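A.B. asks: Quick one: structure below, then a few questions.
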Amino acid sequence: MSNFLQFTVFGIMLGAGYAIAATGLVVTYTTSGVFNFAQGAVGMIAAFGYWELVSAHHQPTLVALLLVLILGASIAGAFVERVLMRRLHGASAERPVMVTLGLMVILTGLATVVWSPTVQRTVNPQINGQFRLVGINIQYQYVLIIGVAIAVAAGLRLLFYSTRTGYALRAVVDDPELLGMAGVSPNRMSQYGWILGFFMAALSGVMLAPTQTTGISIESMTLLVVSGYAAAIVGRLKHIPLTFAAAIAIGLAENYILNYIEPHLSSSLQRDVDVSLPMIFLFIALVTLPSVRLRAVGRLTSMRAPRVASGKESLIGGAAFLVVAVVVSVAFASTNIKGTTLLTLGGMVMCLAIVGLSLVLVTGYSGQVSLCQFSFMGIGAFVMGKVAGGGSLAGLLAATAVCAGIGALVALPTIRLSDLYLALATFAFADAVAQGFFADGSVYGSGGLQIARITLPGLSFGGDTAEFLLVTVFFVVSAWLVLAIRRSLFGRRLVAVNDSPAAYATVGLNIGFTKVAVFAIAAGMAGLAGGLYGTVQQIVGTTDFDIFPGIIFVLFVTIWGIRTVSGAFLAALTYVALNQIWPSSIGIFAGLGVILIGRAANGILGIEAIHVRLPWVKDGGATTGEAPTRTFGSLALGGEGSRAAS
Amino acid sequence: MPQAEATLATDDGPTPDHVLTVEGVAVRFGGVAALSDANLSVRAGTVTGLIGPNGAGKTTLFNVISGLQTPDRGTVLLYDTDITKMKPHRRARLGLARTFQRLELFGTLSAGENVQVGLESSVKWWQWRHVKRKFPWVKEGVASVGGVPLGEPTGPGSLAVVTSDRLLEGVGLGGMAADQASAMPTGLARMVELARALAMAPKILLLDEPGSGLDDAESQALGTLLTTLAKGGMGVLLVEHDMELVMRICDFVYVLDFGDIIASGTPEEIRRDPMVQAAYLGAVSETDAQKTHMAATHGTTDGATGTTPGTDDGEATQA
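Residue numbers (the working numbering), protein chains in the order written: chain A, 19 to 664; chain B, 8 to 326.
Structure follows, in structure tokens:
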């Protein structure tokens, strides 16, 4: 009984910590319509900053709290709203997601630079000591966290429903123009929302850091509030009391599972459950959400879509690309960079470029943000290694098919929700797979999974040159396929479902089916890329397909142009190059890049000025010619050529 | 039933069937009743108007009919099929097409591609070779949508491209197929929406203020187009603030105010209905309006006053 009480108190404390972070997410979303993926990273920076002040510089707790929460987090929140988010008004829907992801990888990248991951850091509680109640020991820190969480929830409820500022904060996301006409600055309200959101993210980080008995780490602190995400989703990103209750319930469930169920599992499964639980909660929260109502919003996207190459142009371009690849393979056959042959790196570029192409399909064309393409890549590599010992075409086919199937399963539960939730589901899936599957020693093995080079009857691709040319052919065929899809009836539907879901449904097309189909195709492509990646590397390890590299790659594709084949290739090239030159700072580059590209929907390749200098970059958009006189002639008015009148 | 086949059968002319019936539909948003007890029906081969002041519930009713809004109660029938709980795309496949008050175009696609999406909506993308089979009227030179001839397919391009070009020509957008939809002026963009809806060869066409953004000549042309479509057997339900257009082309008109159908009848009857005048102009007090409306409906006059303004003929309106 005392154990149960102890677990309950700890669960409530944990839930209270989640609740602080979750309500911060709700506040930001309510006031700006943006889901801040960087919420966990802000909490992580606050926790490390607090540790730095208290433990490294011996500042008093109160001073450290004031500096971190009031000065640091609040100013950072105001800065992020003013500099990063405000200019995204009217940008394509996926852009705020990308910018907050960019912020997340910048913060984690900076933290890695400032606080070496190899040093263990433990944070002392804000209040030391404990007391005994009904036979169990309760730490004062737990009481503090629970008390702070209650105060935050009550304070926010009061703010939102009993003050004029609160009404304005709730109204700003619905109709900022109308709010402006009522004499309230919508920008200021939005800024207040971001300040509050950052404050609560930092507060949750600082409060939960002392409960990390093994010390704080950048990754664990960044992902610690994922359970908070689940609570915010249960609260449908708007109900603070529901969010609070869900957070407490999740904290309790997490603690009960860890203490009552996990000990009965095998040791490897124990670890998997331990690390995957928050993501599993998030996934369950998403699946149980009620369907979002399809609405006619009247938002007419004014983005100029990049011109799609014709079939003939695709063939010529593909052939030219292959010729260049052959020249490169001959010219640099023996070049090595840091112990790796240039052609092996080139092969990696081609594989990642295929992953980039999958993003062009799923995010660029159909507008669904997928953050788990690296997970499919990892699963593809795993399947490739396990089927016929690797190195076979059957393995590639299996990798593609298995990933397409899993992709459909991931997409199915979330298609009835808005696109943000798919992004969250893929985020949850990516981390759960990375932590619970790839990191499991029995999956890739302690030394990594060996995957042989591809062998065909009478043909072997054992050498780096042959392998490079083989994956290049796969890339060219994939690129041709993606362009062919875009030109096809299905491609028109992908763009249409992104532009106006309401119109899409009312012309008789099934939104859910289209979204699942494209997600499955993209997952299959990523699986194929993973299989090929395995054959290029010949060995894949536990960290190759982690969530952060996956997100960073998505950002690079966004930076170059997520709606173009060239964007996918250049992103892969950039990723591999930076990974060789500045591996520890690659996240910072990606984050800064996506922030700088801002609202340019077609990335660097969509910038008009670039088109002048690079003649091979195609013109964007269709031409708008002089409007002819409207006659309504042939269909209804009669006159020459009309049969209606006859 | 595939849309193409469904509509091609309407060339024989109007039928007396009610293609669309709305019965007792109610929708509440929180404490606000957007629709209280809406009843209306649309006959095949007619243009039916739905008018009312802003906020009366017209667009909400369109959303209920097209499946974007689930009603709290009531039923929607397409011929005899209850479509109340059907998803929007299923309704569309049964022959229900609509346009939107606030434009819902596929903005990054060209005008022609917008129409093609509607045209090809019954084609399964993984069976692209079936495209030809899905447009037999084009291939065989029948070439009509809603009874309106499109002409023989000529020139280069797939059947879908040729047909979408012809449809765009039909709504006055000839030569503009390559223009990006979001770059078009509102009036033209509305016509793209209309062409896209027509491309589905619908049995019932819901038009939400198609005339806004059009000048007088264009409005005239739109009226002629809609009348022609109706003559071809299509049922048209028109929400429009251009009263001249409504009164000129509609066979029957419903008036919606505060979520209730307050009047219905021929354009002439509606023009004279005091309830309608009260709702639109506030010219008559509500009590007087109700009295005179009752008189108009039941063919009697108030004994106290002896006269009923605006209901000279005392003709009964249809509910």
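Glycine residues also receive a C-beta, built at the ideal position from the N, C-alpha and C atoms. Since this is a predicted model, take the numbers as computed values, not measurements.
With distance defined between alpha-carbon atoms, name the residue in Phe259/B, His248/B, Asp267/B and Gly119/B nearest to Thr234/B.
C.D. replies: Within the second sequence, numbered from 1, the residue matching residue 234/B stands at position 227. Closest option to Thr234/B, Cα to Cα, is Phe259/B.
A.B. asks: In three-state DSSP terms, what is Gly29/A?
C.D. replies: The count along the first sequence starts at 1 and reaches residue 29/A at position 11. Three-state result, Gly29/A: helix.
A.B. asks: Buried or exposed: Pro78/B, going by 16 or more other Cβ atoms within 10 Å of its Cβ?
C.D. replies: Here residue 78/B refers to the residue found at position 71 of the second sequence. Pro78/B is buried by the Cβ-count criterion.
A.B. asks: Within its chain, find whatever has a CB closer than 8 Å to the CB of Ala64/A; leave out the 5 residues flanking it on each side and keep chain order.
C.D. replies: Position 46 of the first sequence, counted from the first residue, corresponds to residue 64/A. Closer than 8 Å at Cβ, skipping near neighbours: Val86, Leu87, Gly90, Ala91, Ala219, Ala220, Leu221, Gly223 and Val224.
A.B. asks: Using CA coordinates, which residue listed in Leu68/B, Ala45/B, Ala104/B and Leu57/B is at the minimum distance from Gly526/A?
C.D. replies: Reading the first sequence from its first residue, position 508 is the one you call residue 526/A. If we check each option's Cα against that of Gly526/A, Ala104/B comes out closest.
A.B. asks: So for Met8/B, helix, strand or coil by DSSP?
C.D. replies: Translated into the one-based positions of the second sequence, residue 8/B becomes position 1. Low confidence applies to Met8/B: its pLDDT is 35, below 50, so where it sits in the model is not reliable enough to give any reading.
A.B. asks: Are the beta-carbon atoms belonging to Ile234/A and Val141/A less than 8 Å from one another?
C.D. replies: Position 216 of the first sequence, counted from the first residue, corresponds to residue 234/A. Position 123 of the first sequence, counted from the first residue, corresponds to residue 141/A. Yes, they are a contact pair.
A.B. asks: Name the one or two DSSP bridge partners that Pro274/B has.
C.D. replies: As a working note, residue 274/B is residue 267 in the second sequence. Its beta-bridge partners do not exist; DSSP assigns none.
A.B. asks: Using a beta-carbon distance below 8 Å, is Thr67/B in contact with chain A?
C.D. replies: The count along the second sequence starts at 1 and reaches residue 67/B at position 60. It does not: the Cβ of Thr67/B has no partner Cβ on chain A nearer than 8 Å.
A.B. asks: Going along chain B in order, which residues have a C-beta closer than 8 Å to the C-beta of Ser14/A?
C.D. replies: Because chain A in this structure spans residues 19 to 664, residue 14/A falls outside the shown range and cannot be described.
A.B. asks: How about His25/B: is its C-beta nearer than 8 Å to some C-beta of chain A?
C.D. replies: Residue numbering aside, residue 25/B sits at position 18 when the second sequence is read from its first letter. No, because no Cβ of chain A sits closer than 8 Å to the Cβ of His25/B.
A.B. asks: How would you list, in chain order, the residues of chain A whose beta-carbon sits under 9 Å from the beta-carbon of Ala41/B?
C.D. replies: Your numbering for residue 41/B matches position 34 in the second sequence. The premise fails here: Ala41/B is roughly 14 Å from chain A at the closest Cβ pair, so nothing lies under 9 Å.
A.B. asks: Taking the Cβ atom as the reference point for each residue, do Gly217/B and Thr66/B lie within a distance shorter than 8 Å?
C.D. replies: Here the question's residue 217/B lines up with position 210 in the second sequence. Here the question's residue 66/B lines up with position 59 in the second sequence. One point to set straight first is that residue 217/B is Pro, not Gly, in the sequence displayed. Their beta carbons are not under 8 Å apart, which means Pro217/B does not touch Thr66/B by this criterion.
A.B. asks: Given a cut-off of 8 Å, decide if Val554/A and Thr358/A are closer than it, judged by their beta-carbon atoms.
C.D. replies: Here the question's residue 358/A lines up with position 340 in the first sequence. Here the question's residue 554/A lines up with position 536 in the first sequence. In this structure, Val554/A does not lie closer than 8 Å to Thr358/A by Cβ.
A.B. asks: Strictly by DSSP, which residues pair up with Ile154/A?
C.D. replies: In the first sequence, the residue the question calls residue 154/A occupies position 136. DSSP output for Ile154/A lists Leu151/A as bridge partner(s).
A.B. asks: Just reading off the beta strand (DSSP E) that Leu84/B is part of, what are its end residues?
C.D. replies: Counting from one through the second sequence, the residue named residue 84/B turns up at place 77. Note, Leu84/B: beta strand (DSSP E), Arg80 to Leu85.
A.B. asks: For Ala429/A, decide whether its Cβ has a neighbour in chain B, counting only Cβ atoms nearer than 8 Å.
C.D. replies: One-based indexing of the first sequence puts residue 429/A at position 411. Chain B contact via Cβ: absent.
A.B. asks: Taking 7 Å as the line, does the beta carbon of Thr46/A fall inside it for any heavy atom of the ligand FMN?
C.D. replies: This structure lacks the ligand FMN, and indeed carries no ligand of any kind.
A.B. asks: Shortest alpha-carbon distance to Ser347/A belongs to which of Asp482/A, Gly466/A and Val534/A?
C.D. replies: Numbered from 1 along the first sequence, position 329 holds the residue referred to as residue 347/A. Here the closest residue by C-alpha is Asp482/A.
A.B. asks: Is Thr48/A helix, strand or coil by DSSP?
C.D. replies: Taking the first residue of the first sequence as position 1, residue 48/A is located at position 30. Reduced to three states, the DSSP call for Thr48/A is helix.
A.B. asks: Compile a chain-ordered list of the residues in the segment 525-547 of chain A whose CB is closer than 7 Å to at least one CB of chain B.
C.D. replies: Taking 7 Å as the Cβ-Cβ cut-off against chain B, the residues of the segment 525-547 of chain A that qualify are Val525, Gly526, Leu527 and Asn528.
A.B. asks: Measure the C-alpha to C-alpha separation of Ala544/A and Gln391/A and round it to an integer number of angstroms.
C.D. replies: Your numbering for residue 544/A matches position 526 in the first sequence. Your numbering for residue 391/A matches position 373 in the first sequence. Taking the straight line joining both Cα atoms gives about 6 Å.
A.B. asks: For Tyr278/A, does the count of other Cβ atoms within 10 angstroms reach 16, so buried, or fall short, so exposed?
C.D. replies: Within the first sequence, residue 278/A is the residue found at index 260, counting from 1. Its Cβ having fewer than 16 others within 10 Å, Tyr278/A is exposed.
A.B. asks: What residues from chain A crowd round His96/B, counting only those whose CB sits closer than 7 Å?
C.D. replies: In the second sequence, the residue the question calls residue 96/B occupies position 89. Residues of chain A passing the Cβ test: Ala523, Gly526, Leu527 and Asn528.
A.B. asks: Taking only beta-carbon atoms, is Asp482/A less than 8 Å away from chain B?
C.D. replies: Working through the first sequence from its first residue, we reach residue 482/A at position 464. Chain B, which has no Cβ nearer than 8 Å to the Cβ of Asp482/A, makes this no.
A.B. asks: Taking only the alpha-carbon atoms, compute the straight-line gap between Phe178/A and Arg104/A and give it to the nearest angstrom.
C.D. replies: The count along the first sequence starts at 1 and reaches residue 178/A at position 160. The count along the first sequence starts at 1 and reaches residue 104/A at position 86. When rounded, the distance between both Cα atoms is 22 Å.
A.B. asks: So which residues of chain B does Val513/A contact, with C-beta pairs closer than 7 Å?
C.D. replies: Residue mapping note: residue 513/A aligns to position 495 of the first sequence, counting from 1. Per Cβ cutoff of 7 Å: Phe113, Thr115 and Leu116.
A.B. asks: Measuring only the C-alpha atoms, how far is Ala484/A from Val342/A?
C.D. replies: In the first sequence, the residue the question calls residue 484/A occupies position 466. In the first sequence, the residue the question calls residue 342/A occupies position 324. Roughly 15 Å between the two C-alpha positions.
A.B. asks: How about Lys256/A and Val44/A: are their beta carbons less than 8 Å apart?
C.D. replies: Within the first sequence, numbered from 1, the residue matching residue 256/A stands at position 238. Within the first sequence, numbered from 1, the residue matching residue 44/A stands at position 26. Closer than 8 Å, so yes.
A.B. asks: Where does Ala40/B sit, in a helix, a strand or coil, going by DSSP?
C.D. replies: Counted from its first residue, the second sequence places residue 40/B at position 33. The answer is strand: DSSP assigns Ala40/B an E or B state.
A.B. asks: For Arg617/A, would you say it is in contact with chain B, using Cβ-to-Cβ distances shorter than 8 Å as the test?
C.D. replies: Stepping through the first sequence from its first residue, residue 617/A is reached at position 599. Output row for Arg617/A: interface = no.
A.B. asks: Apart from the five residues just before and just after Phe25/A, which ones in its own chain have a Cβ nearer than 7 Å to its Cβ?
C.D. replies: Translated into positions along the first sequence, residue 25/A becomes position 7. So the list reads Asn273, Tyr274 and Asn277, once near-sequence residues are dropped.
A.B. asks: I'd like to know whether the C-beta atoms of Ala547/A and Ile397/A end up nearer to each other than 8 Å.
C.D. replies: The count along the first sequence starts at 1 and reaches residue 547/A at position 529. The count along the first sequence starts at 1 and reaches residue 397/A at position 379. Cβ atoms of Ala547/A and Ile397/A: not closer than 8 Å.
A.B. asks: How many Å lie between Thr582/A and Gly74/B at the Cα?
C.D. replies: Taking the first residue of the first sequence as 1, we reach residue 582/A at position 564. Taking the first residue of the second sequence as 1, we reach residue 74/B at position 67. Answer to the nearest angstrom: the Cα atoms are 35 Å apart.
A.B. asks: Grouping DSSP H, G and I as helix and E and B as strand, with all else coil, what is Leu363/A?
C.D. replies: Position 345 of the first sequence, counted from the start, is the residue given in the question as residue 363/A. Leu363/A falls in the helix class under three-state DSSP.
A.B. asks: Which residues, in chain order, does the segment 90-113 of chain A contribute to contact with chain B at a C-beta distance below 9 Å?
C.D. replies: Cβ contacts with chain B: none found.
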